[in-house]
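Working notes, beginning with the structure itself.
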Amino acid sequence: MYLGIIVNNEAVKVDKIFTYKVPESLYGKVKKGRMVTVPFGNGNKKIYGFIVDIFYDIDDNTKLKEIVDIDDSMEFLTEDNIRLIEVMRRKYLCTYLECIKVMIPSGITKGTTFKTKNSIIIGRPLTERYSKEEFINIVSFIGEHNGIYNKTELTGEFKFSLSRVNTLIKNGFLDVKKTIV
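Structure representation (structure tokens):
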């Protein structure tokens, strides 16, 4: 699988869509509009780019570099955005990156990311061994407020035992999910 990537580089000389190989381990994350990390230039400096095309055949792939990672937290560009980029580029004689900057939050192209927190969510149901009242209270509370609170909030504001919360996470009854704040 191959991707057409617009790299986060302001130089007019690199105002084109670059082709990168996708390692098999990242196939499941590929989707148009997502942000990727790619090696760029002779020094293979890691920079961000945006997926604007996906294809499966290419004439010569001998010198293609592989993408490093795909941010699957969200699609920064929609299909309509990608089509609009082409129209804007032709009509207003601007670069790909200038078009993208109009469509996404300004901090994204500067390398800043969304603020996230590790929220606690329900995992698998409690087993008989863990049917003590303390565990049941924690799991019931999380069930009512699934994904809202992190460990610090649970132990600080709601006075649940950190040890008990960690035990539930360790045994898969609770999970930790990274959420955008």
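If you read the sequence shown in the numbering used here, its first letter stands for residue 785, the second for the next number, and so on.
All residues carry an ideal CB built from backbone N, CA and C; glycine is no exception.
These numbers were taken from a predicted model, which means no experiment stands behind them.
Please classify residue i: is it buried, with 16 or more other beta-carbons within 10 angstroms of its beta-carbon, or exposed?
| i | result |
| --- | --- |
| F919 | buried |
| L938 | buried |
| M858 | exposed |
| G927 | exposed |
| T911 | exposed |
| F839 | exposed |
| V949 | buried |
| T730 | Past the boundaries of the shown model lies residue 730; the chain is included only from 785 to 965, so the question cannot be answered. |
| I884 | buried |
| T936 | exposed |
| I932 | exposed |
| N930 | exposed |
Please check the pair residue i and residue j, which I expect to be a contact at CB under 8 Å, by giving their CB distance rounded to whole angstroms.
| i | j | result |
| --- | --- | --- |
| I790 | V820 | That pair is no contact at about 10 Å. |
| K813 | Y786 | The Cβ separation is near 15 Å, so there is no contact. |
Nearest by alpha-carbon distance to residue i: which of the options is it?
| i | options | result |
| --- | --- | --- |
| N826 | C878, L848, V923, R908 | L848 |
| S890 | I932, F860, S903, R873 | F860 |
| N1006 | K797, F944, K935 | Outside the displayed range of the chain (785 to 965) lies residue 1006, so it cannot be described from this structure. |
| F824 | G931, I801, I869 | I801 |
| D841 | K954, E870, H929, G788 | G788 |
If I measure Cβ to Cβ from residue i and keep anything under 7 Å in the same chain, skipping five residues before and after, which residues do I get?
| i | result |
| --- | --- |
| G907 | G956, F957, L958, D959 |
| E794 | L881 |
| N792 | I831, Y832, G833, L881, T893 |
In angstroms with no decimal places, state the Cα-to-Cα distance between residue i and residue j.
| i | j | result |
| --- | --- | --- |
| D837 | K816 | 6 Å |
| D843 | E808 | 19 Å |
| F942 | K899 | 23 Å |
| R873 | R867 | 10 Å |
| K961 | K797 | 41 Å |
| M887 | F925 | 39 Å |
| I904 | I854 | 24 Å |
| V871 | D799 | 15 Å |
Excluding five sequence neighbours on each side, which residues of the same chain lie with their C-beta closer than 6 Å to the C-beta of residue i?
| i | result |
| --- | --- |
| R913 | none |
| Y876 | none |
Residues in its own chain within less than 8 Å of residue i by CB, not counting five upstream and five downstream?
| i | result |
| --- | --- |
| T862 | G817 |
| V923 | I906, L910, L952, F957, L958 |
| N828 | K849 |
| K901 | N934, K962, T963, V965 |
| T879 | E794, V796, D799, R873 |
Would the C-beta of residue i count as close to the ligand PLP, meaning under 7 Å from any of its heavy atoms?
| i | result |
| --- | --- |
| K894 | In the structure on display, the ligand PLP does not appear, and there are no ligands present to speak of. |
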